[in-house]
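**Student:** Can you keep this structure in mind? I'll have questions shortly.
Protein chains: 4
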Amino acid sequence: MDEIADEGRRGRILDTAERLFAHGGFDATPTARIAAEADVPKGLVFYYFPRKIDILRTLLAERLPTTPLCRPEQVVRRGDPAGSLQRLARTLRLGDHESVVLRTIIFREAGTHPEVRHHIAALREQLLSLTEAVLDAAVEHVLDPVRRRQAAHTFVAVMLDEANARRFDGAVPDLAGAAEIVSGALTPDRA
Amino acid sequence: MDEIADEGRRGRILDTAERLFAHGGFDATPTARIAAEADVPKGLVFYYFPRKIDILRTLLAERLPTTPLCRPEQVVRRGDPAGSLQRLARTLRLGDHESVVLRTIIFREAGTHPEVRHHIAALREQLLSLTEAVLDAAVEHVLDPVRRRQAAHTFVAVMLDEANARRFDGAVPDLAGAAEIVSGALTPDRA
Amino acid sequence: MDEIADEGRRGRILDTAERLFAHGGFDATPTARIAAEADVPKGLVFYYFPRKIDILRTLLAERLPTTPLCRPEQVVRRGDPAGSLQRLARTLRLGDHESVVLRTIIFREAGTHPEVRHHIAALREQLLSLTEAVLDAAVEHVLDPVRRRQAAHTFVAVMLDEANARRFDGAVPDLAGAAEIVSGALTPDRA
Amino acid sequence: MDEIADEGRRGRILDTAERLFAHGGFDATPTARIAAEADVPKGLVFYYFPRKIDILRTLLAERLPTTPLCRPEQVVRRGDPAGSLQRLARTLRLGDHESVVLRTIIFREAGTHPEVRHHIAALREQLLSLTEAVLDAAVEHVLDPVRRRQAAHTFVAVMLDEANARRFDGAVPDLAGAAEIVSGALTPDRA
DNA sequence: AATGAATGAGAATTCATTCAT
DNA sequence: CATGAATGAATTCTCATTCAT
Chain Y
5 MDEIADEGRR
15 GRILDTAERL
25 FAHGGFDATP
35 TARIAAEADV
45 PKGLVFYYFP
55 RKIDILRTLL
65 AERLPTTPLC
75 RPEQVVRRGD
85 PAGSLQRLAR
95 TLRLGDHESV
105 VLRTIIFREA
115 GTHPEVRHHI
125 AALREQLLSL
135 TEAVLDAAVE
145 HVLDPVRRRQ
155 AAHTFVAVML
165 DEANARRFDG
175 AVPDLAGAAE
185 IVSGALTPDR
195 A
Chain G
5 MDEIADEGRR
15 GRILDTAERL
25 FAHGGFDATP
35 TARIAAEADV
45 PKGLVFYYFP
55 RKIDILRTLL
65 AERLPTTPLC
75 RPEQVVRRGD
85 PAGSLQRLAR
95 TLRLGDHESV
105 VLRTIIFREA
115 GTHPEVRHHI
125 AALREQLLSL
135 TEAVLDAAVE
145 HVLDPVRRRQ
155 AAHTFVAVML
165 DEANARRFDG
175 AVPDLAGAAE
185 IVSGALTPDR
195 A
Chain A
5 MDEIADEGRR
15 GRILDTAERL
25 FAHGGFDATP
35 TARIAAEADV
45 PKGLVFYYFP
55 RKIDILRTLL
65 AERLPTTPLC
75 RPEQVVRRGD
85 PAGSLQRLAR
95 TLRLGDHESV
105 VLRTIIFREA
115 GTHPEVRHHI
125 AALREQLLSL
135 TEAVLDAAVE
145 HVLDPVRRRQ
155 AAHTFVAVML
165 DEANARRFDG
175 AVPDLAGAAE
185 IVSGALTPDR
195 A
Chain W
5 MDEIADEGRR
15 GRILDTAERL
25 FAHGGFDATP
35 TARIAAEADV
45 PKGLVFYYFP
55 RKIDILRTLL
65 AERLPTTPLC
75 RPEQVVRRGD
85 PAGSLQRLAR
95 TLRLGDHESV
105 VLRTIIFREA
115 GTHPEVRHHI
125 AALREQLLSL
135 TEAVLDAAVE
145 HVLDPVRRRQ
155 AAHTFVAVML
165 DEANARRFDG
175 AVPDLAGAAE
185 IVSGALTPDR
195 A
């Protein structure tokens, strides 16, 4: 019970920080407010996270893994690259609340904190490989590697843009349409 | 002469603020530092910009117009949609230093300041319309409106992603490849 | 009048800090207390002295000069080295309140702050030279340099010890007696 | 075994505290750091020393005795007061590391903590009596009590000054020279 | 007896903003 | 118009001390 309570308090600090960082930004969020809204004593925040930046670091490390986000097999349907890409996007849920929150944070803080920048770069690379793997498995012919990468880049851009667009307004791009456009461009490797 | 001097000083404040906001973020940049690096008295910053946020507001208003970014005719070559899109991207130069600086700012502050959010939304809308106009003028048939918008969204996503990627790492997407992929998807409106 | 007030406020901060540092120590004296007892707003302390240590630095620089403490002529009576040394001690007034306060500070902080250590070393050197000059001028023969330095060291030690003793208890050494002992040891240079 | 282990841990706390107090000062040394460097659990420090000041108190009580520092017989050679004083200084080893450490502490904290002040006063008194006893035993005539005390004060001042000088710079006084100067002043009691 | 998680009362410092001149 | 001295609320962080186990 205690362990649960303890984990609960540390977890509550992280939950609250995540929400507040996403809403107002890292700099604009006082640790005192995190403590207050997490309903823990101010000192406890610094007990778990000696520097404020450690809260952000921990959020990235524990909640935004750069390790495999999903497995291609989960989403691929052979012969249906467009559908596979759509399922990929739906599975990754980059536009989901949880993900949007973290993306907001990392996009904002990337310029300021190098470690955040590295994290976002790794995440991006992960998305690219994953998309390429999905394309490979979804089409029935061998893909031209250059075109495959272009296609992956394009679809990743759309997925990220969709998540971003959600932050700013409602004009989100049509993922299904983009999936079709990208799939349509896949031709067998003539090499 | 005074006006020139004053304009020079006001301009120096904006130049400096732009640089510092882009580098360290709005919140982390003290007005005192802007004044010092712009080599103007501290009081002058508040003389021109009564609140700190007014500096940011002014940067957006004066330096990141949402009004037509370029005219389609500048970039369109009829019958060559892929080339037209590439020229569009090159003309907009979203990845340029100046633009990156401002994009860094608006991406970071968008979550915090509603007016910045509106600005970015307007900018995005501008880009979409412009891309659609370019596509319309570049192909020789009538485009399906839905597909045109999907294509525009996709290409805008790639342009924005390219600018973003430049902020974080070097793995920038291939704009030419994306232009081809998007163009390849354009078919006459069968309606 | 304003200038007086301004000088007064900065001066009051230094006066108060000097008193409080001497009484409770540098570390144990909050800047807030300095401000309160100097009757100035807290912010003003940091306006004049951006870091707390700057207050200490300023006290040393402005109030504990290492430059000539007095001129030998002021105290020397030729043919009366013992009297001259006594007058030197009386003129330097190391045991005076003002001086004791600063000595308390520098003795305490010397170990912690290198710049304070350098200051105290310089001050010590100054005292030694001055004492040697007084001895030279007070005796009617040429002094052996080694013996002169030994004598100076001995008398400086007594002066410093007297000031220190005043901090701790009442058993202050007898400066007049020490002056006689030291003078008695001065013999012509036989070299 | 437990007692030995406990004594070892208690001793390690004191050793570490002594070192850290001497280096950074009492106030600037967190108990947590003492515990960490002594490699004991944080709680144990407060188990042995309920208040932080108790560590300092214990250091003085157990490691800086005011009881006889050495016996005059150990150092006196009758007829050679100068040599006896030198041997006294060498035996007391005030300039030794261990001693310097504690002296650093007590000099620094004397102003702040009354009990430290009393300790240093007692120590001083001890040194004076001891020096007087050495002088008495070393000379072959009866000393004038006033002159004896003056001589003792002077030599004690030099010994303390030598230890102090070692803390601040390298210009340590010449103890041998001072011993000679002081001895030279000893004349039979004419009373 | 021993421990280390927990706490909260401050500490130094920052900085947007004001305003008298 | 311009300025820079002045202010105080807010912020991050520290740490002696407590206490349940």
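Keeping their order, the protein sequence lines are chains Y, G, A and W. Taking the working numbering, I'd label the letters of the first sequence as residues 5 to 195. Taking the working numbering, I'd label the letters of the second sequence as residues 5 to 195. Taking the working numbering, I'd label the letters of the third sequence as residues 5 to 195. Taking the working numbering, I'd label the letters of the fourth sequence as residues 5 to 195. Glycine is no exception: its CB is placed at the ideal position from the N, C-alpha and C atoms. Just so it is clear, the structure is predicted and the values come from calculations on it, not from any experiment.
Which chain Y residues are close to phenylalanine 196(G), counting only those with a beta carbon under 7 Å from its beta carbon?
**Tutor:** Nothing about residue 196(G) can be reported from this structure: the residues present for chain G run from 5 to 195 only.
**Student:** Please report whether the beta-carbon of phenylalanine 50(G) lies at a distance below 8 Å from any beta-carbon of chain Y.
**Tutor:** No, no contact with chain Y.
**Student:** Looking at proline 85(A): is its Cβ nearer than 8 Å to the Cβ of leucine 190(A)?
**Tutor:** Contact flag set, yes.
**Student:** Out of curiosity, what's the CA-to-CA distance linking alanine 21(G) and alanine 175(G)?
**Tutor:** Rounded to the nearest angstrom, the two C-alpha atoms are 28 Å apart.
**Student:** Considering only their Cβ atoms, is the gap separating glutamate 119(Y) from arginine 55(Y) smaller than 8 Å?
**Tutor:** No, Cβ-Cβ distance for arginine 55(Y) and glutamate 119(Y) is not below 8 Å.
**Student:** Below 8 Å on the Cβ atoms is my guess for arginine 121(Y) versus phenylalanine 172(G); work out the distance and round it to an integer in Å.
**Tutor:** About 5 Å; that satisfies the 8 Å criterion.
**Student:** Output the residue ranges of the alpha helix (DSSP H) runs that lie fully inside the stretch 76-155 of chain G and measure 4 residues or longer, sorted by chain position.
**Tutor:** DSSP runs (the alpha helix (DSSP H)) wholly in the stretch 76-155 of chain G: 76-79, 85-96, 101-113, 118-142.
**Student:** Identify which residue in Ala167(Y), Ala169(Y), Ala161(Y), Pro192(Y) has its Cα closest to the Cα of alanine 183(G).
**Tutor:** Measuring from the Cα of alanine 183(G), the nearest candidate turns out to be Ala161(Y).
**Student:** May I have the straight-line CA-CA distance separating leucine 89(G) from valine 80(G), to the nearest angstrom?
**Tutor:** Cα to Cα, leucine 89(G) sits roughly 8 Å from valine 80(G).
**Student:** So with Cβ pairs under 8 Å, would you call proline 177(G) a contact of chain Y?
**Tutor:** Yes, because at least one Cβ of chain Y sits closer than 8 Å to the Cβ of proline 177(G).
**Student:** Assuming alanine 183(A) is part of the alpha helix (DSSP H), what are its boundary residues?
**Tutor:** Segment 179-188, the alpha helix (DSSP H) holding alanine 183(A).
**Student:** Within its chain, find whatever has a CB closer than 6 Å to the CB of phenylalanine 159(W); leave out the 5 residues flanking it on each side and keep chain order.
**Tutor:** Closer than 6 Å at Cβ, skipping near neighbours: Leu89, Thr135, Val186.
**Student:** Check whether chain A comes within 8 Å of valine 143(W), counting only Cβ atoms and requiring the distance to be less than that.
**Tutor:** Not one chain A Cβ lies under 8 Å of valine 143(W).
**Student:** Counting only Cβ-Cβ distances shorter than 8 Å, please list the residues of the stretch 117-134 of chain A near chain W, keeping chain order.
**Tutor:** Listed by position, the residues of the stretch 117-134 of chain A near chain W (Cβ gap below 8 Å) are Arg121, Ile124, Ala125, Arg128, Glu129, Leu132.
**Student:** Using 8 Å as the limit for Cβ to Cβ distance, is glutamine 154(A) near chain W?
**Tutor:** Yes, contact with chain W.
**Student:** Please identify the residue among Arg75(Y), Leu63(Y), Ala65(Y) whose C-alpha is closest to the C-alpha of serine 133(Y).
**Tutor:** Among Arg75(Y), Leu63(Y), Ala65(Y), the Cα nearest to that of serine 133(Y) is on Arg75(Y).
**Student:** Give the residues of chain W in contact with isoleucine 185(A), contact being defined as C-beta atoms less than 7 Å apart.
**Tutor:** Those are Gln154, Ala155, Thr158, Ile185, Val186, Ala189, listed as they occur along chain W.
**Student:** Looking only at its chain, what residues have a beta carbon closer than 7 Å to the beta carbon of glutamate 144(A), apart from the 5 residues adjacent to it on each side?
**Tutor:** So the list reads Arg82, Gly83, once near-sequence residues are dropped.
**Student:** Could you give the residue range of the alpha helix (DSSP H) that holds alanine 47(A)?
**Tutor:** Just to set this straight, residue 47(A) is glycine in the shown sequence, not alanine. Where glycine 47(A) is concerned, the enclosing alpha helix (DSSP H) stretches over 46-52.
**Student:** Could you pull the DSSP bridge partners for proline 192(G) from this structure?
**Tutor:** Its beta-bridge partners are Leu147(G).
**Student:** Given that a residue counts as buried once 16 or more other Cβ atoms are within 10 Å of its Cβ, and exposed if not, what is glycine 29(G)?
**Tutor:** Buried.
**Student:** Expressed to the nearest angstrom, what Euclidean distance is found between the alpha-carbon atoms of threonine 116(G) and histidine 27(Y)?
**Tutor:** If I take the Cα positions, the gap works out to 7 Å.
**Student:** Determine the burial state of valine 44(W): buried for a count of at least 16 other Cβ atoms within 10 Å of its Cβ, exposed for fewer.
**Tutor:** It is buried - the Cβ of valine 44(W) has at least 16 other Cβ atoms within 10 Å.
**Student:** Quick check on aspartate 43(W) - is its C-beta less than 8 Å from some C-beta in chain A?
**Tutor:** By this cut-off, aspartate 43(W) is not an interface position.
**Student:** Under the three-state reduction of DSSP, which class applies to aspartate 43(W): helix, strand or coil?
**Tutor:** Aspartate 43(W) falls in the coil class under three-state DSSP.
**Student:** Helix, strand or coil, according to DSSP, for leucine 63(Y) in the structure here?
**Tutor:** In this structure, leucine 63(Y) counts as helix in the three-state DSSP scheme.
**Student:** Against chain W, with Cβ distances strictly below 8 Å, would glycine 198(A) count as a contact?
**Tutor:** Chain A is shown only over 5 to 195; residue 198(A) falls outside these bounds and no answer can be derived.
**Student:** At the 8 Å Cβ level, is leucine 2(A) part of the contact set with chain W, yes or no?
**Tutor:** No statement about residue 2(A) is possible, as the shown extent of chain A runs from 5 to 195 and does not include it.
**Student:** I need the DSSP call for arginine 37(W), collapsed to helix, strand or coil.
**Tutor:** If DSSP states are grouped into helix, strand and coil, arginine 37(W) belongs with the helices.
**Student:** Residues of chain G with CB closer than 7 Å to the CB of alanine 161(Y), please, in chain order.
**Tutor:** By Cβ distance, chain G contributes Ala161, Val162, Asp165, Pro177.
**Student:** Please report the Cβ distance between leucine 98(G) and alanine 142(G), rounded to the nearest whole angstrom; I am assuming they are in contact, meaning their Cβ atoms lie under 8 Å.
**Tutor:** Actually they are not in contact, since the Cβ atoms of leucine 98(G) and alanine 142(G) sit about 19 Å apart, beyond 8 Å.
**Student:** How is arginine 170(G) classed by DSSP in three states: helix, strand or coil?
**Tutor:** Arginine 170(G): helix per DSSP, three-state reduction.
**Student:** In chain order, what residues of the same chain have a beta carbon less than 6 Å from the beta carbon of alanine 39(A), not counting five sequence neighbours either side?
**Tutor:** So the list reads Lys46, Val49, once near-sequence residues are dropped.
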